[in-house]
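To keep things clear, I will list the structure first and then write my remarks on it.
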Amino acid sequence: MTDQPPVQYRRDGDIAVIRVDNPPVNALSAAVRTGLAEAMAQLARDDQARAAVICCAGRTFIAGADISEFGKPPVQPHLPDVIAAIEDSAKPVIAALHGTVLGGGLEVALGAHGRIALSGARMGLPEVTLGLLPGAGGTQRLPRAVGVEAALDLVTSGRQIGADEALKLGLIDTLADGDDPCAAGVAEARRWLDEGRAPRRLSEIAAPEADPQMLDRWRATVAKSARGQVAPMRAFEAVVNGLSMPFAQGMAMERQTFTELMQTPERAALIHAFFAERRAAQADDLAGVSPRKVDRIGVIGGGTMGQGIAAAALTAGLDVTLIERDDAAAEKARAGVALMLEGAAKRGKIAPDAAAPLMEGSFRAVTDYDGLAQVDLVIEAVFEDLDVKRDVFRRLDGICRPGTVLATNTSYLDVNLIADATRRPQDVIGLHFFSPPNIMRLLEIVVADRTAPEVVATAFALAKRMGKIAVRSGVCDGFIGNRMMLAYRTAADHMVLDGASPYDIDRAITGFGFAMGPYQVGDLAGLDIGYATRQRKAPTRDPRERVPVFADRLVEAGRLGRKTGRGYYIYDDQTPKGRPDPEMAGMLDGIRAELGITPRDFTDKDIQTRYMAAMVNEGAKILDEGIAARASDIDVVLLHGYGFPRWKGGPMHWADARGLDRMAADITRLAAENPYFWQMSPLLARLAAEGGRLADVNTGKDAK
Ligand code: T1G
254 MTDQPPVQYR
264 RDGDIAVIRV
274 DNPPVNALSA
284 AVRTGLAEAM
294 AQLARDDQAR
304 AAVICCAGRT
314 FIAGADISEF
324 GKPPVQPHLP
334 DVIAAIEDSA
344 KPVIAALHGT
354 VLGGGLEVAL
364 GAHGRIALSG
374 ARMGLPEVTL
384 GLLPGAGGTQ
394 RLPRAVGVEA
404 ALDLVTSGRQ
414 IGADEALKLG
424 LIDTLADGDD
434 PCAAGVAEAR
444 RWLDEGRAPR
454 RLSEIAAPEA
464 DPQMLDRWRA
474 TVAKSARGQV
484 APMRAFEAVV
494 NGLSMPFAQG
504 MAMERQTFTE
514 LMQTPERAAL
524 IHAFFAERRA
534 AQADDLAGVS
544 PRKVDRIGVI
554 GGGTMGQGIA
564 AAALTAGLDV
574 TLIERDDAAA
584 EKARAGVALM
594 LEGAAKRGKI
604 APDAAAPLME
614 GSFRAVTDYD
624 GLAQVDLVIE
634 AVFEDLDVKR
644 DVFRRLDGIC
654 RPGTVLATNT
664 SYLDVNLIAD
674 ATRRPQDVIG
684 LHFFSPPNIM
694 RLLEIVVADR
704 TAPEVVATAF
714 ALAKRMGKIA
724 VRSGVCDGFI
734 GNRMMLAYRT
744 AADHMVLDGA
754 SPYDIDRAIT
764 GFGFAMGPYQ
774 VGDLAGLDIG
784 YATRQRKAPT
794 RDPRERVPVF
804 ADRLVEAGRL
814 GRKTGRGYYI
824 YDDQTPKGRP
834 DPEMAGMLDG
844 IRAELGITPR
854 DFTDKDIQTR
864 YMAAMVNEGA
874 KILDEGIAAR
884 ASDIDVVLLH
894 GYGFPRWKGG
904 PMHWADARGL
914 DRMAADITRL
924 AAENPYFWQM
934 SPLLARLAAE
944 GGRLADVNTG
954 KDAK
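Position one of the sequence shown corresponds to residue 254 (the working numbering), numbered consecutively onward.
Now the structure itself:
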C-alpha cells in the first residue's frame with residue numbers, strides 16, 4: 254500500500270490536477286471521497302487555479318463505489334454530496350476518463366462540467382447487476398446528458414459502452430489519443446479556458462421530454478428481462494419519475510430507492526456472486542508459487558470441444574497446434590476453428606480483421622504428434638473413454654519436453670488414472686471446459702493427487718489469460734458441476750416417475766429463476782448423453798436407485814432432443830424452441846402402471862423444494878469431501894455453468910440465506926419417502942444443528 258493519500262492535488266500552470274490513486278481500480282472508498290471533497294475545497298481557495306481536471310492513476314478511472322463497503326454502516330462524506338461539490342465549483346472541472354469508468358466513477362464524471370476520454374475507455378452504470386441502481390445522481394443526470402431512451406438503456410441493462418458510442422450519445426465531449434489521461438484532461442481544460450467556457454451543470458438542464466410509447470416499450474422490455482429481479486424496474490422508475498420532479502427532489506427519490514435496494518437479499522446475493530468469482534481464482538495454497546510460461550499450446554482432438562478450446566486460446570493470443578487423426582479430420586477442424594474466430598470478430602471479441610492472421614500465423618492443424626515436442630501445455634479433448642485418453646497421454650509423455658503441462662478436458666473420468674499413464678503425474682491436470690469453450694467462461698481446474706502446485710498455478714494463469722472464470726475441483730465423478738446436476742436431475746426424475754410432468758418441472762424451475770428447466774436442458778444437450786452415463790453406471794448401480802425408464806424409452810425411440818426434432822419437447826418450424834408433446838402424459842402413465850406407481854400431484858413449491866434440497870445436499874457433500882475448497886466456489890460453478898439465477902447468489906448462498914435448519918428439515922421429511930436417495934450430508938446436518946453456515950466452512954485443504 255503506498256503511503257501517499259489516495260487523492261493528490263497539484264497545479265499545472267493555472268490548472269489544478271486532482272489525481273486519484275487507489276489501486277487496483279480507484280474505487281470510491283471513504284478515503285477517496287474525503288480526498289475529493291478536500292480537493293474541491295482546495296480548488297476554491299487556490300487563487301492560481303482557474304480550472305481543474307479529475308483524473309486517475311493506474312489502469313482505470315474510478316470503477317465505482319467500493320463494493321467491499323456495502324452492507325456496512327455508510328461513512329461520510331456520501332458520494333452524492335462529493336459530486337455536488339464538484340458540480341457546484343465556480344471553476345470549470347473536467348473529468349479525464351480511461352479504462353473502465355463504472356458506476357460511481359461515471360457519476361463523478363457526470364458531476365464534472367466536461368468529460369474527455371482516451372479512445373479505449375469503456376463506461377457504464379452496472380449497479381442493477383449488483384441489485385442496486387445508480388445512487389449518486391446517475392438516474393437524474395444521465396437523461397440530461399444523453400436523453401431519456403439512452404439513459405434507460407444504460408441504467409436498466411448495466412451494459413458497458415465504448416468511448417465512440419459515448420461520444421455519439423453526448424456522454425463525453427471529446428476523445429483523446431495517447432495513454433496519459435491527466436495530460437489529456439489538462440489540454441481539455443486549457444481549451445475550456447481559452448474559449449472562455451463557463452461550467453455547464455447537468456443538474457441545471459431541464460429534464461428532457463419522454464415519448465409515452467417509448468416509455469411503454471422500455472417498461473415492457475425491463476419487465477421481461479428482469480426475470481424476477483427487483484432492481485431493474487426500480488431503476489427504470491427512478492429515471493422516469495425523476496423527469497417530472499425538480500432535480501433536488503429527484504436526487505432524494507433516487508437516494509431513498511438506493512437505500513431500500515441496499516437492504517434486499519438480491520443485492521446481498523449479487524455482491525456475493527461478484528466476490529465469489531474473484532475469490533475462486535485465489536487458490537490459498539499457491540501463494541508464492543510461480544506459474545510456468547504458456548505461449549504455445551497443443552490441442553488433441555478437433556471435435557466441437559477441441560475446436561472451441563483452440564478458438565478460445567487463439568482469441569487469448571496463444572499459438573495453437575491442433576492434432577487430428579488424419580488430414581480430412583484436421584482440415585475439418587481447421588475450418589471449424591476459422592468459423593469460430595469469425596464469430597469472435599462479429600461479437601467484438603477480436604478485431605474485425607484479426608481472424609485470418611490468427612489462422613495463418615498462430616494456428617495449424619496437423620496429424621503428427623511430433624508437432625507438440627516444444628509446446629508449453631497440451632489440452633486433450635478426445636473421446637470420453639479412459640483407455641483412449643490413457644493412450645494419448647502415454648504418447649504425449651514420450652514426445653513433449655520436460656515441464657510441458659499435460660491437461661485433460663474430461664468431464665468426469667478419474668484424472669489420477671490418466672496421470673498414471675505417464676511418468677510425469679506431477680505435470681498432469683484436468684481442465685474441464687464447458688461447452689462451447691469459445692463462449693462459456695466457466696472452467697473447472699481438476700487437481701489430481703500428484704499434480705504439482707506450480708501446474709495448478711499455471712492452470713489458473715492460463716484461465717485468467719483466456720478470460721475464464723476458473724474454479725478448482727478435486728477428483729470425483731462429475732467434479733463439482735456435473736455431480737450436482739446428476740443429484741438435482743435425479744430428484745426431478747423421481748418426481749416424473751411419481752406423477753409430475755416434465756413440463757410442470759421445467760415451468761417450476763424456470764419460475765425459480767433458472768434459465769431453463771432440466772428437461773429443456775436435456776433436450777438441448779442431447780438425451781443420449783444421460784443415457785450413456787446410465788449405461789456406463791448400470792453394472793455397478795445400487796438396486797435401490799430408481800431408473801428414469803421414461804428417459805431411456807425416449808432415447809431408444811430415437812428421440813434425442815433438439816438434434817432429432819423430438820425429445821421431451823417437439824421442435825419444428827411451428828415451434829423451433831419446442832412445445833410439449835401431447836403423447837408424453839400417456840407414455841408416462843403407461844410406465845407408471847408398469848412400475849406399479851400410483852401417480853401423485855406436485856405443486857411448483859414441491860418441485861422447487863426437492864430440486865433445491867438435492868442440489869444443496871450434494872453441494873454440502875462436495876464441500877465436506879474437499880472436492881470444492883469453499884462453498885462460494887460451488888456457487889460460481891452453478892451460476893456460470895448451469896443457469897442458476899445470479900440474483901439468488903448460487904445454491905450455497907441461497908441455502909445459507911434461507912437457513913440450513915429449513916434445508917435439513919426438508920431433507921429429513923423427504924428421506925422418509927426414499928432414505929437411499931435423501932441421505933443427508935453430515936456437514937449439513939451438523940451446521941443446521943449448530944446454526945452454522947456453509948459460507949463459513951473452510952476445508953483447510955487444497956481441493957483434491
Ligand atoms: N469495489 C471494490 N473492489 C473492486 C471493485 C469495486 N467496485 N471493482 C473491482 N474490485 C477489485 C476486485 O475485487 C479485485 O480484487 C480487483 O479489484 C480487480 O478486479 C454509487 C453504488 C473494474 C471491470 O460494479 O467490473 O458504484 O481479487 O479482478 O477483471 O451508484 O473489477 O484483486 O483482491 O475484476 O480487470 C459499480 C465492478 C459499483 C465495477 C476490472 N462498479 N468491478 O475488471 O479486475 S456500485 C462496478 C468490475 C456503484 C454507485 C454505485 C471489474 C473491473 P482482488 P477484477 P478486472
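All C-beta atoms, glycine included, are put in the ideal place defined by N, C-alpha and C.
Between ligand 1 and the CB of residue 527, the shortest heavy atom gap is smaller than 8 Å. For residue 699, the closest of 454, 690, 709 by C-alpha to C-alpha distance is 709. Per DSSP, the unbroken alpha helix (DSSP H) holding residue 891 starts and ends at 884-894. Its Cα nearest to that of residue 592, the residue 560 stands out among 560, 601, 570. Put simply, the backbone Cα of residue 286 is about 46 Å away from that of residue 858. Here residue 748 carries a helix assignment [DSSP, helix/strand/coil].
Inclusion of residue 413 and residue 434 in the CB contact set at 9 Å is not warranted, their separation being larger than that value.
Per DSSP, residue 659 is one residue of the beta strand (DSSP E) stretching across 658-661. Judged by pairs of C-beta atoms under 8 Å, the region 608-621 does not touch the region 633-651, as fewer than three such pairs exist. Rounded to whole angstroms, residue 922 and residue 915 show a C-alpha spacing of 11 Å.
Counting along the chain, residue 262 sits inside no alpha helix (DSSP H); it lies in the beta strand (DSSP E) bounded by residues 260-265. When 520, 493, 519 are compared, the shortest CA-CA separation from residue 507 is found for 493. For residue 473 and residue 830, the gap between their C-alpha atoms comes out near 22 Å. Looking from the CA of residue 361, the closest CA among 681, 520, 424 belongs to 424.
Taking each of 337, 727, 690, 390 in turn and checking the Cα distance to residue 569, the smallest one comes out for 690. The residues 737, 740, 741, 904, in chain order, have a CB closer than 7 Å to that of residue 868 in the same chain once the five nearest residues on each side in sequence are set aside.
Cβ-Cβ distances below 6 Å link residue 422 to 399, 403 in the same chain, with the five nearest sequence neighbours on each side left out; the list follows chain order.
Nearest to residue 847 by alpha-carbon distance, out of 873, 877, 802, 521, is 802.
Per DSSP, the unbroken beta strand (DSSP E) holding residue 726 starts and ends at 722-726.
Taking C-beta atoms as the reference points, residue 534 and residue 713 count as a pair closer than 9 Å. Boundaries of the alpha helix (DSSP H) harbouring residue 406: 401-410, taken from the DSSP string. Ranking 668, 436, 462 by CA distance to the CA of residue 266 puts 436 first. Residue 381 has its alpha-carbon roughly 18 Å from the corresponding atom of residue 332.
9 Å or more divides the Cβ of residue 309 from the Cβ of residue 367.
For residue 696, the uninterrupted beta strand (DSSP E) run begins and ends at 695-699, by DSSP.
Ligand 1 has no heavy atom closer than 8 Å to the beta-carbon of residue 551. Under the DSSP definition of a beta bridge, residue 308 partners with 272.
Annotated three-state conformation of residue 379 is helix, per DSSP. The C-beta separation of residue 501 from residue 304 comes to about 26 Å, leaving the pair out of contact by the 8 Å criterion.
Less than 9 Å divides the Cβ of residue 748 from the Cβ of residue 855. Annotated as distal: residue 844 and residue 729, with beta-carbon spacing of 9 Å or more.
Around the beta carbon of residue 328, fewer than 16 other beta carbons lie within 10 angstroms, which makes this residue exposed.
Here DSSP, grouped into helix, strand and coil, assigns residue 773 to helix. DSSP, read as helix, strand or coil, puts residue 466 in helix. Here the distance from the Cβ of residue 575 to the nearest heavy atom of ligand 1 is not below 8 Å.
Residue pairing for residue 685: DSSP places it in a beta bridge opposite 697.
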